[in-house]
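Undergrad: Residue numbers (the numbering used here), protein chains in the order written: chain A, 645 to 856; chain B, 645 to 856. Cβ coordinates follow ideal geometry from the N, Cα and C atoms, glycine included. Mind looking over this structure? Questions follow.
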DNA sequence: TCAGACATGTAAGTCGTTACATGATTCA
DNA sequence: TGAATCATGTAACGACTTACATGTCTGA
């Protein structure tokens, strides 16, 4: 397998988690993992077939499927081993390429106004993102507090192949993990907003406050 | 130019900021921008020549250079215009692909211990990163408070072609901008550590605290 | 019957890193 | 003289997205 092969392991991990088709994987990523991961069809299908070639997964046609025949992929024993070995390997920090900070830096020889404008754009963007995350947070928290299963989780439930009437401990644990990863997105977005609040007055004053 | 062409604009922006060679750009990125950007030689040199082909930059040999002849690139008028237009375009959110959160999610059907281990690894990693950032913070703050120019800034000073005896207002403004982008890295790293502190006890308890 | 959802896939191109090749100068 | 550093560049690969092509079933 290739150098980092993050996509390979992401997909291998998902089919270890639960046998799935390429389409299921895409749904799963869009509904549940979108706060910290993305995959496109152009990666998913070639990768799945590559996993089969490498003996890490098997493919079989789902006999129950209506529509075009679903190809369901399942991790083999050696696939699981490979996945578990990857889990234990040290994890790189996410790649840093923050376009807005680059723009901000590059305006340092222009008018201060330009930097202020960029910071305000950043704040607006992050606040919108935050609002979206907080909506999801409420949905997950409702489910976790046993106060019913919000409609918005239905699609996720279906992808996970759960019946909506009975929530087992394991399912509730999985919803908890969704919630926890979501919290991380919220804390980071809040930190970015806090950064703007800290930095705007300094930039406008042109210097650090005396009280540092 | 290509779809997003972040690298093109990053490099164009740097030579608008100040005429530089490919080698200077690499240094600049490593010393000053590394908290939010990266570029490799494999991108820098082809991109610089592409900018010349497109009429956005000019190349000339630096007559004063010892060693192998330096090729110094300068933005043309149309290069500057292009760069300024890019600055005003809406900025995408950074791409999300956080490998550790993926691992954390994928362990949700394994033993809780595995998730705990990953969170602790994340905390350690972030704390190390934070310590490094805070060292740099002290260095920049010292310079900004006029308490002398720390040795560690020498390389940066040289890349920016400043003599170390006189710090003009403009130079001090640029150091301020370095400092402000650094603060952003610090706030985000702190938020990630806070996330671990929040999440570890919840994961170990297996449920949200009653007091939510 | 036909729009829309489900489902799988490919081609082309963009984006980015790593490893390597090369050459000149400085200084111990 | 020869190691370190400054400096430029390419080839090969790997990572990822977008747009497109295709096919099947369901239900209005």
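1. So with Cβ pairs under 8 Å, would you call residue 751 of chain B a contact of chain A?
2. Which residues, taken in chain order from the segment 715-727 of chain B, show a beta carbon closer than 7 Å to some beta carbon of chain A?
3. With a CB to CB cut of under 6 Å and the five nearest residues on each side skipped, what residues in its chain are close to residue 706 of chain A?
4. Around the Cβ of residue 849 of chain A, are there at least 16 other Cβ atoms within 10 angstroms (buried) or fewer (exposed)?
5. Over the uninterrupted beta strand (DSSP E) stretch that includes residue 715 of chain A, give me the two end residues.
6. Say whether chain B places a C-beta atom closer than 8 Å to the C-beta of residue 836 of chain A.
7. Taking CB distances under 8 Å as the criterion, tell me whether residue 674 of chain A reaches chain B.
8. Tell me which residue opens and which closes the alpha helix (DSSP H) that residue 821 of chain A is part of.
9. I'd like to know if residue 689 of chain A contacts chain B, where contact means its C-beta is closer than 8 Å to some C-beta of that chain.
10. Pull out every residue of the segment 815-828 of chain B whose Cβ sits closer than 9 Å to any Cβ of chain A, in chain order.
11. In angstroms with no decimal places, state the Cα-to-Cα distance between residue 655 of chain B and residue 664 of chain A.
12. Find the residues of chain A that neighbour residue 832 of chain B, judging by a C-beta separation of less than 8 Å, and give them in chain order.
13. Quick check on residue 743 of chain A - is its C-beta less than 8 Å from some C-beta in chain B?
14. Going by the DSSP bridge assignment, what does residue 703 of chain B pair with across the sheet?
15. Do you know how far the Cα of residue 827 of chain A is from the Cα of residue 842 of chain B?
16. Please go through the segment 650-682 of chain A and give each complete alpha helix (DSSP H) segment of 4 or more residues, from N-terminal end onward.
17. Whose Cβ in chain B lies nearer than 9 Å to the Cβ of residue 650 of chain A?
18. For residue 762 of chain A and residue 751 of chain A, which I take to be in contact (beta-carbon distance under 8 Å), what is that distance rounded to the nearest angstrom?
19. Quick check on residue 790 of chain B: does DSSP put it in helix, strand or coil?
20. Does residue 851 of chain B get closer than 8 Å to chain A when you measure Cβ to Cβ?
21. Does the Cβ of residue 851 of chain A have 16 or more other Cβ atoms within 10 Å, making it buried, or fewer, making it exposed?
22. Taking C-alpha atoms, which residue in A:678, A:787 and A:742 lies nearest to residue 681 of chain B?
23. Just to confirm, is the Cβ distance from residue 765 of chain B to residue 735 of chain A under 8 Å?
24. Measuring straight from C-alpha to C-alpha, what distance separates residue 684 of chain B and residue 840 of chain B?
25. Determine the direct distance from the alpha carbon of residue 704 of chain B to that of residue 835 of chain A, and round the result to whole angstroms.
26. Return the Cβ separation of residue 627 of chain A and residue 700 of chain A in integer angstroms, given the expectation that the two are a contact with Cβ distance under 8 Å.
27. Spatial neighbours of residue 758 of chain B within its chain, please: CB distance less than 7 Å, with the 5 preceding and 5 following residues excluded, ordered by chain position.
28. Label residue 776 of chain B either buried or exposed according to how many other C-beta atoms from any shown protein chain fall within 10 Å of its C-beta, with 16 as the threshold for buried.
29. Kindly indicate which three-state DSSP category residue 736 of chain A falls into: helix, strand or coil?
30. Which of the three DSSP states is assigned to residue 742 of chain A in this structure?
31. Thinking C-alpha only, which one of B:753, B:847 and B:846 is nearest residue 812 of chain A?
32. Look up residue 776 of chain A in the DSSP assignment and say whether it is helix, strand or coil.
33. Ends of the alpha helix (DSSP H) at residue 695 of chain A?
TA: By the coordinates alone:
1. Looking up residue 751 of chain B in the second chain gives position 107. Residue 751 of chain B counts as touching chain A.
2. none
3. The residue given as residue 706 of chain A occupies position 62 in the first chain. Result list for residue 706 of chain A: 714 and 716, in chain order.
4. As a first step, residue 849 of chain A is located in the first chain; it is residue number 205 there, counting from the start. That one is exposed.
5. Locating residue 715 of chain A in the first chain gives position 71, counting from the first residue. Here the beta strand (DSSP E) through residue 715 of chain A covers 715-719.
6. Within the first chain, the letter at position 192 stands for residue 836 of chain A. Yes, residue 836 of chain A lies at the interface with chain B (some Cβ there is under 8 Å from its Cβ).
7. Within the first chain, numbered from 1, the residue matching residue 674 of chain A stands at position 30. Not an interface residue.
8. Taking the first residue of the first chain as position 1, residue 821 of chain A is located at position 177. Segment 813-849, the alpha helix (DSSP H) holding residue 821 of chain A.
9. As a first step, residue 689 of chain A is located in the first chain; it is residue number 45 there, counting from the start. It does not; no Cβ of chain B falls within 8 Å.
10. 816, 817, 818, 820, 821, 822, 823, 824, 825, 827 and 828
11. For the purposes of this step, residue 655 of chain B is taken as the residue at position 11 of the second chain. For the purposes of this step, residue 664 of chain A is taken as the residue at position 20 of the first chain. Spanning the two alpha carbons is a distance of roughly 43 Å.
12. As a working mapping, residue 832 of chain B is identified with position 188 in the second chain. What residue 832 of chain B touches in chain A: 832, 835, 836 and 839.
13. Mapped onto the first chain, residue 743 of chain A falls at position 99. Yes, because at least one Cβ of chain B sits closer than 8 Å to the Cβ of residue 743 of chain A.
14. Taking the second chain and counting its residues from 1, the one referred to as residue 703 of chain B is at position 59. Beta-bridge pairing links residue 703 of chain B to B:717.
15. Position 198 of the second chain, counted from the first residue, corresponds to residue 842 of chain B. Position 183 of the first chain, counted from the first residue, corresponds to residue 827 of chain A. Spanning the two alpha carbons is a distance of roughly 9 Å.
16. 650-661 and 666-672
17. As a first step, residue 650 of chain A must be located in the first chain, where it is residue number 6. Here the neighbours are 741, 743 and 746.
18. Mapped onto the first chain, residue 762 of chain A falls at position 118. Mapped onto the first chain, residue 751 of chain A falls at position 107. About 7 Å separates the two Cβ atoms, so the contact holds.
19. Within the second chain, the letter at position 146 stands for residue 790 of chain B. Coil at residue 790 of chain B, not helix or strand.
20. Against the second chain, residue 851 of chain B aligns to sequence position 207. Answer yes: the Cβ-Cβ gap between residue 851 of chain B and chain A drops below 8 Å somewhere.
21. Residue mapping note: residue 851 of chain A aligns to position 207 of the first chain, counting from 1. Exposed, since its Cβ has fewer than 16 Cβ neighbours within 10 Å.
22. The residue labelled residue 681 of chain B in the question sits at position 37 within the second chain. Comparing Cα-Cα distances from residue 681 of chain B to each of A:678, A:787 and A:742, the minimum goes to A:742.
23. Against the second chain, residue 765 of chain B aligns to sequence position 121. Against the first chain, residue 735 of chain A aligns to sequence position 91. Yes, Cβ-Cβ distance for residue 765 of chain B and residue 735 of chain A is below 8 Å.
24. On the second chain, position 40 is the one that residue 684 of chain B refers to. On the second chain, position 196 is the one that residue 840 of chain B refers to. One C-alpha to the other measures close to 32 Å.
25. As a working mapping, residue 835 of chain A is identified with position 191 in the first chain. As a working mapping, residue 704 of chain B is identified with position 60 in the second chain. Cα-Cα distance, rounded: 44 Å.
26. This structure cannot settle anything about residue 627 of chain A, because the visible part of chain A is limited to 645 through 856.
27. The residue you call residue 758 of chain B lines up with position 114 of the second chain. So the qualifying residues of the chain are 751.
28. Taking the second chain and counting its residues from 1, one reaches residue 776 of chain B at position 132. With fewer than 16 Cβ atoms within 10 Å of its Cβ, residue 776 of chain B is classed as exposed.
29. Position 92 of the first chain, counted from the start, is the residue given in the question as residue 736 of chain A. Note: residue 736 of chain A maps to coil in three-state DSSP.
30. The residue given as residue 742 of chain A occupies position 98 in the first chain. Coil.
31. Stepping through the first chain from its first residue, residue 812 of chain A is reached at position 168. Cα-wise, what sits closest to residue 812 of chain A is B:753.
32. Mapped onto the first chain, residue 776 of chain A falls at position 132. Three-state result, residue 776 of chain A: helix.
33. To locate residue 695 of chain A, count along the first chain from 1; it is residue 51. Segment 685-697, the alpha helix (DSSP H) holding residue 695 of chain A.
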